[in-house]
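Under our numbering, the first residue of the sequence shown is numbered 1, with each subsequent residue one higher. Just below is one structure, and these are the notes that go with it.
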Amino acid sequence: MQRIICISLCLFLLIFLYISVSAAEEATPTLDWSVLACGGGTAQVSSTSLSSTIGQAIVGEATVASQKLCVGFWCSEVFYRLFLPLILRGG
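Okay, here's the thing in C-alpha cells:
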C-alpha cells in the first residue's frame with residue numbers, strides 16, 4: 001500500500017514538474033511601450049518635431065549583470081559623435 005502511494009506521489013510530482021517547466025519555456029515576456037504621466041505633447045515646425053512628457057514619476061536606468069532596463073517613455077540609447085577639435089565659446 002505504501003509503495004503504491006509513493007509511486008503515485010512521485011508520478012504526480014514528475015507530471016507537475018514537466019507541466020511547469022514546459023509552461024515556463026513557452027512564456028515570452030513582452031514590454032509594452034506606454035507611459036503614465038500628467039501631460040505633454042508634440043510640437044512641430046516645418047520638418048522638425050519635438051515630443052515631450054510632463055510629470056513622469058519614475059525614470060532612469062537599472063543594470064543587473066548583463067541585463068539593462070531603461071525606465072521611461074523617452075528612454076533609449078543615444079549615440080553621440082564627437083568631432084575634434086571642439087571649441088566652446090562662453091558668452
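Cβ coordinates follow ideal geometry from the N, Cα and C atoms, glycine included.
Between the beta-carbon of residue i and the beta-carbon of residue j, is there less than 8 Å?
i	j	result
residue 41	residue 52	yes
residue 15	residue 39	no
residue 71	residue 62	yes
Helix, strand or coil for residue i, going by three-state DSSP, please let me know.
i	result
residue 84	coil
residue 133	Absent from the model: residue 133. The displayed extent of the chain is 1 to 91, so no value can be given.
residue 66	coil
Suppose you measure from the CA of residue i to the CA of residue j; what does that come to, to the nearest Å?
i	j	result
residue 1	residue 8	11 Å
residue 17	residue 10	10 Å
residue 82	residue 89	17 Å
residue 105	residue 20	Here the chain covers residues 1 to 91 and nothing more, so residue 105 does not appear.
residue 67	residue 6	42 Å
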